[in-house]
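Take any residue in the sequence shown, count from 1 to its spot, add 71: that is its number in our numbering.
Step one of this worksheet: look at the structure below.
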Amino acid sequence: MNFIDTHTHLYVEQFDQDREEVVQRAIKSGVDKFFLPAIDSRNTEDMYALAAAFPENMYLMTGLHPVSVPEIDYEKELVFIEKELEKRKFYAIGEIGIDLHWYPESVEIQKEVFQKQIQLAKKHKLPIVIHCRKAFKEVFEVLEEEKDEDLYGIFHCFTGTYEEAKKAIDLGMKLGIGGVLTFKNGKIDQFLHEIPLKHIVLETDAPYLAPTPHRGKRNESSYLINIAEKLASIYELPLDEIAKKTTQNAKAIFNI
Ligand code: NI
């Protein structure tokens with residue numbers, strides 16, 4: 072039984088002491104493909120180093136995280152991303168989007184940078200990986216403007232309502248489902264069974280949002296199994312069926 076972690080930040084400093092063990096632990100538990108979303112140019116080298124250490128297992132993304140947009144020279148970052156795209160293989164533009172929890176005042180700039188990166192993804196025929204926090208309205212506005220057959224990807228850490236889920240799917244997105252699914256107050260477990268499994272991919276978002284029973288601790292990719300088990304109970308399917316289907320979905324999006 073094999074799983075894909077479609078969103079994991081295993082290259083960040085929280086794993087500096089035991090990165091190798093964390094990756095091996097995940098592989099042993101059946102999670103053997105890892106998609107690494109970019110944050111900004113400050114941790115690109117660490118991300119590439121991890122990919123070089125596990126070339127069979129790691130898949131890179133490039134992009135500028137919305138929380139980095141107000142913190143960094145974003146125009147320079149966009150030029151950097153375009154240059155990187157010429158240099159090596161990436162499987163998505165991510166994570167990109169809008170975060171109004173941390174930076175509500177920079178909404179207009181975040182929207183602009185999000186839109187520019189979507190256009191870049193389309194130009195390179197790549198999927199996008201969306202980060203959306205307290206910004207469904209704004210994210211949907213941009214997606215509506217960019218909607219066409221080249222727009223597709225993953226709505227990462229999806230925690231919206233049933234209506235928002237349907238809307239995201241209509242706009243070409245799969246739902247990235249992570250630890251929140253296992254939370255008592257997570258809400259998405261209430262309606263997820265109404266969403267066909269073909270629209271779902273699994274993710275940890277490690278080191279953040281560890282699933283129950285690890286909630287509150289550092290998350291890691293081996294915990295993807297806890298999320299998959301919860302998904303299996305919601306869809307009333309055996310775990311290996313969840314593994315098979317979500318792996319198929321992830322492979323189709325990332326074109327591997
Ligand atoms: Ni992330």
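Cβ coordinates follow ideal geometry from the N, Cα and C atoms, glycine included.
Item: Following a CB-centred definition, is H13 positioned closer than 8 Å to any heavy atom of the ligand NI?; Value: Because residue 13 is not part of the residues shown, which for the chain are 72 to 327, the question remains open.
Item: Which same chain residues end up closer than 6 Å to P141 when comparing Cβ atoms and leaving out the 5 residues on each side of it in sequence?; Value: Y174 and S177
Item: Tell me which same chain residues have a C-beta within less than 8 Å of the C-beta of E91, skipping the five on either side of it?; Value: A124
Item: Could you tell me which whole beta strand (DSSP E) segments of length 3 or greater appear in the region 99 to 173?; Value: 102 to 107, 129 to 133 and 163 to 170
Item: With DSSP collapsed to three states, give me the class of I324.; Value: helix
Item: Please classify D87 as buried or exposed, where buried requires at least 16 other C-beta atoms within 10 Å of its C-beta.; Value: exposed
Item: Looking only at DSSP bridge pairs, what is I271 linked to?; Value: L246
Item: Between K187 and the rest of its own chain, which residues show a CB-CB distance below 7 Å, the 5 nearest in sequence each way excluded?; Value: L149
Item: May I have all residues whose beta carbon comes closer than 6 Å to any heavy atom of the ligand NI, sorted in chain order?; Value: H78, H80, P108, E166 and D276
Item: Across which residues does DSSP place G224 in a beta bridge pair?; Value: I199 and M244
Item: With DSSP collapsed to three states, give me the class of R90.; Value: helix
Item: Taking a contact to mean a Cβ-Cβ separation below 9 Å, would you say H78 touches E166 in this structure?; Value: yes
Item: Going by C-alpha to C-alpha distance, which of I271, S139, K238 and T232 sits closest to F262?; Value: T232
Item: Check whether the region 243 to 258 touches the region 267 to 283, taking contact to mean three or more Cβ pairs, one atom from each stretch, closer than 8 Å.; Value: yes
Item: Please state whether DSSP places R204 in a helix, a strand or coil.; Value: strand
Item: Can you check DSSP and say which residues form a bridge with K74?; Value: Note that residue 74 corresponds to Phe in the displayed sequence, not to Lys. BP columns for F74 point to V102.
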